[in-house]
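A.B. asks: Structure in structure tokens, see below.
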Amino acid sequence: MTYQEILTVVSRGRGSHNITAELRAVLARAGIATGLAHLFVRHTSCSLLLTENADPDVRRDLETIFSRLAPDGDPAYRHDLEGDDDMAAHARSVLAGSDLTVPMAGGELLLGTWQGVFLWEHRSRSHRREVVVTILG
Amino acid sequence: MTYQEILTVVSRGRGSHNITAELRAVLARAGIATGLAHLFVRHTSCSLLLTENADPDVRRDLETIFSRLAPDGDPAYRHDLEGDDDMAAHARSVLAGSDLTVPMAGGELLLGTWQGVFLWEHRSRSHRREVVVTILG
Amino acid sequence: MTYQEILTVVSRGRGSHNITAELRAVLARAGIATGLAHLFVRHTSCSLLLTENADPDVRRDLETIFSRLAPDGDPAYRHDLEGDDDMAAHARSVLAGSDLTVPMAGGELLLGTWQGVFLWEHRSRSHRREVVVTILG
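Line by line, the protein sequences give chains A, B and C. Here this note's numbering is used: the first residue of the first sequence is 19, the next is one more, and so on. Here this note's numbering is used: the first residue of the second sequence is 19, the next is one more, and so on. Here this note's numbering is used: the first residue of the third sequence is 19, the next is one more, and so on.
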């Protein structure tokens with residue numbers, strides 16, 4: 019069985035937004051017990067992020083680390099048409115990844131206790147982001 | 019339904035090669051409407067890359083950024099049998115990833131307008147690369 | 019068809035542990051010929067790693083590289099409740115990824131000759147890790 023739905027997430031600029039509850043709502047509509055839930059962002063400047071859901075400092079520190087790995091406004095970049103965060107956002111998207119697959123059993127995500135699913139916006143400004151959720155089982 | 023095919027891509031040394039058209043041709047042969055298209059490279063020194071398909075400077079800047087994250091010929095490396103690019107290529111492969119899953123609907127990839135799928139060669143010299151495409155739906 | 023099993027891996031602190039044989043044993047029990055084998059760690063401080071299985075120096079050098087990308091005990095981190103390796107482990111988990119999908123044919127993994135699947139422990143101390151294996155085909 020295959021079920022598919024597109025979620026729309028309006029980001030509030032750079033930062034990560036917990037979408038675990040929205041994902042669980044899709045699962046409830048899908049009615050598939052055992053299988054895989056695949057998420058995919060249709061953009062090259064945001065990511066899907068699986069990380070700790072408890073202490074928000076984890077996601078704050080991830081911003082610190084990623085701002086070193088792919089700094090904004092680096093003079094070495096050639097691609098900067100949309101501003102200092104343009105190329106940095108593309109690089110963060112490659113490092114953190116555009117898709118994520120989570121296993122399911124009993125109609126529930128098999129996430130660990132401390133795992134949350136986040137849309138990670140890498141651009142400075144707010145964007146309307148599409149997340150394709152495909153469930154196979 | 020499951021469909022599988024192995025694509026062969028001959029890389030021309032370090033750099034990224036757009037394989038979106040080849041992937042679309044596999045989809046046409048598969049005849050599956052809704053589901054997931056999974057790509058996997060059978061190598062540890064190249065990657066699959068999902069990034070902007072318009073401005074080639076994006077992929078040029080990605081080379082710049084990755085050459086800092088995993089520099090060639092670092093004296094700290096112990097694994098250098100095949101040259102200065104050997105260990106750097108393995109590290110880039112881990113950072114960018116060896117597999118990628120793209121959702122499908124109506125027999126088409128649900129890529130965003132600006133997304134392209136690339137084989138990313140991390141070795142300096144040309145290589146013959148195998149990409150396993152598996153379609154489930 | 020869908021088959022699912024949870025493997026338990028006891029890590030011996032930071033480092034990578036080859037789990038390819040355990041994964042092959044799951045495949046043998048699943049009895050699915052063609053499809054996808056998906057692995058997922060239910061934790062935010064370890065990863066799944068696909069890399070060279072021959073020279074252990076590759077994985078040693080990966081530790082070197084990742085210790086630069088996400089250093090232990092960085093004074094900029096705010097999340098350090100569980101020690102110097104706490105936040106570094108979360109960041110390594112995001113960079114290397116928590117899930118991995120490998121194609122199958124003839125009931126076998128379509129890994130390349132030099133590819134091995136590893137659980138990569140990012141914490142300093144030993145942990146009991148759960149790896150969910152889901153096979154679709």
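By construction, the Cβ of each residue, glycine as well, lies at the ideal position given by its N, Cα and C atoms. A quick note: this is a predicted structure, and the numbers were derived from the prediction, not measured.
Using a Cβ-Cβ distance under 8 Å, would Thr38(A) count as near chain C?
C.D. replies: For the purposes of this step, residue 38(A) is taken as residue 20 along the first sequence, with counting starting at 1. Not one chain C Cβ lies under 8 Å of Thr38(A).
A.B. asks: Using the Cβ count rule (16 or more neighbours within 10 Å means buried), how would you classify Pro93(B)?
C.D. replies: Here residue 93(B) is taken as the residue at index 75 of the second sequence, counted from 1. Label assigned to Pro93(B): exposed.
A.B. asks: Is it the case that the Cβ atoms of Leu67(A) and Val44(A) are separated by a distance below 8 Å?
C.D. replies: For the purposes of this step, residue 67(A) is identified with residue 49 of the first sequence, where counting begins at 1. For the purposes of this step, residue 44(A) is identified with residue 26 of the first sequence, where counting begins at 1. Against a cut-off of 8 Å, the Cβ pair of Val44(A) and Leu67(A) comes out as no contact.
A.B. asks: Identify, in the order they occur along the chain, each residue of the same chain with its Cβ nearer than 6 Å to the Cβ of Phe84(A), setting aside the five sequence neighbours on each side.
C.D. replies: To locate residue 84(A), count along the first sequence from 1; it is residue 66. These residues qualify, in order along the chain: Arg110.
A.B. asks: So His56(C) is in the beta strand (DSSP E); what residue range does that whole segment cover?
C.D. replies: For the purposes of this step, residue 56(C) is identified with residue 38 of the third sequence, where counting begins at 1. Here the beta strand (DSSP E) through His56(C) covers 53-59.
A.B. asks: Can you tell me the Cα-Cα spacing of Ala107(C) and Ser29(C), whole angstroms?
C.D. replies: Against the third sequence, residue 107(C) aligns to sequence position 89. Against the third sequence, residue 29(C) aligns to sequence position 11. Going from the Cα of Ala107(C) to the Cα of Ser29(C) covers about 14 Å.
A.B. asks: What did DSSP end up calling Thr38(B) once you bin it into helix, strand or coil?
C.D. replies: In the second sequence, the residue the question calls residue 38(B) occupies position 20. Helix, per DSSP.
A.B. asks: Select from Glu148(A), Arg141(A), Gly124(A), His145(A) the residue whose C-alpha is nearest the C-alpha of Arg42(A).
C.D. replies: One-based indexing of the first sequence puts residue 42(A) at position 24. When only C-alpha atoms are compared, the closest one is Gly124(A).
A.B. asks: Measuring straight from C-alpha to C-alpha, what distance separates Arg146(B) and Ser63(B)?
C.D. replies: Counting from 1 along the second sequence, the entry for residue 146(B) is found at position 128. Counting from 1 along the second sequence, the entry for residue 63(B) is found at position 45. Roughly 12 Å between the two C-alpha positions.
A.B. asks: Indicate the three-state DSSP secondary structure (helix, strand or coil) for Ala123(C) in the structure shown.
C.D. replies: Mapped onto the third sequence, residue 123(C) falls at position 105. Strand at Ala123(C).
A.B. asks: Three-state secondary structure (DSSP) at Glu100(B)?
C.D. replies: Looking up residue 100(B) in the second sequence gives position 82. If DSSP states are grouped into helix, strand and coil, Glu100(B) belongs with coil.
A.B. asks: Is the Cβ of Ala114(B) closer than 8 Å to any Cβ of chain C?
C.D. replies: Your numbering for residue 114(B) matches position 96 in the second sequence. Not an interface residue.
A.B. asks: Is there a Cβ of chain B sitting closer than 8 Å to that of Gly155(C), yes or no?
C.D. replies: Working through the third sequence from its first residue, we reach residue 155(C) at position 137. Closer than 8 Å: yes.
A.B. asks: What's the gap between the Cα of Pro89(C) and the Cα of Thr20(B)?
C.D. replies: Within the third sequence, numbered from 1, the residue matching residue 89(C) stands at position 71. Within the second sequence, numbered from 1, the residue matching residue 20(B) stands at position 2. Rounded to the nearest angstrom, the two C-alpha atoms are 43 Å apart.
A.B. asks: Hey, Val120(B) and Phe58(B): beta-carbon distance below 8 Å or not?
C.D. replies: The residue you call residue 120(B) lines up with position 102 of the second sequence. The residue you call residue 58(B) lines up with position 40 of the second sequence. No, they are not a contact pair.
A.B. asks: Classify Ile24(C) as helix, strand or coil using the three-state DSSP reduction.
C.D. replies: Position 6 of the third sequence, counted from the first residue, corresponds to residue 24(C). Strand at Ile24(C).
A.B. asks: Could you tell me whether any Cβ in chain A is nearer than 8 Å to the Cβ of Ala123(B)?
C.D. replies: Here residue 123(B) is taken as the residue at index 105 of the second sequence, counted from 1. Chain A contact via Cβ: present.
A.B. asks: Say whether chain A places a C-beta atom closer than 8 Å to the C-beta of Ala109(C).
C.D. replies: Residue 109(C) sits at position 91 when you count from the first residue of the third sequence. Yes, because at least one Cβ of chain A sits closer than 8 Å to the Cβ of Ala109(C).
A.B. asks: Where Asn71(A) and Gly49(A) are concerned, what is the direct C-alpha to C-alpha distance, given to the nearest angstrom?
C.D. replies: For the purposes of this step, residue 71(A) is taken as residue 53 along the first sequence, with counting starting at 1. For the purposes of this step, residue 49(A) is taken as residue 31 along the first sequence, with counting starting at 1. Cα-Cα distance, rounded: 26 Å.
A.B. asks: Can you give me the start and stop residues for the beta strand (DSSP E) that Leu129(A) sits inside?
C.D. replies: For the purposes of this step, residue 129(A) is taken as residue 111 along the first sequence, with counting starting at 1. No beta strand (DSSP E) contains Leu129(A), which DSSP labels as neither H nor E.
A.B. asks: Out of Ala51(B), Glu126(B), Gly134(B), Val112(B), state which residue places its alpha-carbon closest to the alpha-carbon of His140(B).
C.D. replies: In the second sequence, counting from the first residue as 1, residue 140(B) sits at position 122. Comparing Cα-Cα distances from His140(B) to each of Ala51(B), Glu126(B), Gly134(B), Val112(B), the minimum goes to Val112(B).
A.B. asks: Give a yes or no on whether the C-beta atoms belonging to Asp73(B) and His61(A) are separated by under 8 Å.
C.D. replies: Counted from its first residue, the second sequence places residue 73(B) at position 55. Counted from its first residue, the first sequence places residue 61(A) at position 43. No, they are not a contact pair.
A.B. asks: Report, in whole angstroms, the separation of the C-beta atoms of Gly115(A) and Gly101(C), which I expect to be a contact under 8 Å.
C.D. replies: Counting from 1 along the first sequence, the entry for residue 115(A) is found at position 97. Counting from 1 along the third sequence, the entry for residue 101(C) is found at position 83. Actually they are not in contact, since the Cβ atoms of Gly115(A) and Gly101(C) sit about 27 Å apart, beyond 8 Å.
A.B. asks: Name the two residues that bound the continuous beta strand (DSSP E) containing Arg147(B).
C.D. replies: Translated into the one-based positions of the second sequence, residue 147(B) becomes position 129. Taken as a continuous stretch (DSSP letters only), the beta strand (DSSP E) holding Arg147(B) covers 146-154.
A.B. asks: Could you pull out every residue in the same chain whose Cβ sits closer than 6 Å to the Cβ of Ile153(A), ignoring the five residues on either side in sequence?
C.D. replies: Start at 1 with the first residue of the first sequence, and residue 153(A) comes out as number 135. Counting only Cβ-Cβ distances below 6 Å, and skipping sequence neighbours, we find Tyr21, Ala48, Ile50, Ala55.
A.B. asks: Using 10 angstroms around the beta-carbon of Gly53(A), count the other beta-carbons present and answer buried if the total reaches 16, otherwise exposed.
C.D. replies: What you label residue 53(A) is simply residue 35 of the first sequence in a count that begins at 1. Its Cβ being crowded by 16 or more others within 10 Å, Gly53(A) is buried.
A.B. asks: So, at 8 Å on beta carbons, what are the nonlocal neighbours of Trp132(C) in its own chain, with the 5 sequence-adjacent residues on each side left out?
C.D. replies: Translated into the one-based positions of the third sequence, residue 132(C) becomes position 114. These residues qualify, in order along the chain: Glu70, Asn71, Ala72.
A.B. asks: Spatial neighbours of Val27(B) within its chain, please: C-beta separation below 7 Å, excluding the five flanking residues on both sides.
C.D. replies: Translated into the one-based positions of the second sequence, residue 27(B) becomes position 9. These residues qualify, in order along the chain: His35, Ile37, Leu137, Arg147, Val149.
A.B. asks: Taking the alpha-carbon of Gly130(B) as reference, which of Asp103(A), Met122(A), Asp117(A) has the nearest alpha-carbon?
C.D. replies: Position 112 of the second sequence holds residue 130(B). Closest option to Gly130(B), Cα to Cα, is Asp117(A).
A.B. asks: Could you give the distance in angstroms between the alpha-carbon of Ser75(C) and the alpha-carbon of Ala46(C)?
C.D. replies: On the third sequence, position 57 is the one that residue 75(C) refers to. On the third sequence, position 28 is the one that residue 46(C) refers to. It should be pointed out that residue 75(C) corresponds to Asp in this sequence rather than to Ser. Spanning the two alpha carbons is a distance of roughly 31 Å.
A.B. asks: Below 8 Å between beta carbons: does that hold for Arg143(B) and Gly33(B)?
C.D. replies: Counted from its first residue, the second sequence places residue 143(B) at position 125. Counted from its first residue, the second sequence places residue 33(B) at position 15. Result no, Cβ atoms of Arg143(B) and Gly33(B) do not sit closer than 8 Å.
A.B. asks: In angstroms, rounded to a whole number, what distance separates the CA positions of Asp79(C) and Val135(B)?
C.D. replies: By 1-based counting over the third sequence, the position of residue 79(C) is 61. By 1-based counting over the second sequence, the position of residue 135(B) is 117. Rounded to whole angstroms, Asp79(C) to Val135(B) spans 28 Å at the Cα level.
A.B. asks: Have a look at Glu126(B) and Glu23(A) and give me their C-alpha separation to the nearest angstrom.
C.D. replies: Against the second sequence, residue 126(B) aligns to sequence position 108. Against the first sequence, residue 23(A) aligns to sequence position 5. In a straight line, the C-alpha of Glu126(B) is about 15 Å away from that of Glu23(A).
A.B. asks: Using a Cβ cut-off of 8 Å (strictly closer), state whether Thr119(A) contacts chain D.
C.D. replies: Of the protein chains in the structure, A, B and C, none is chain D.
A.B. asks: Between which two residues does the beta strand (DSSP E) carrying Ser65(C) extend?
C.D. replies: Reading the third sequence from its first residue, position 47 is the one you call residue 65(C). Start and end: 64-70.
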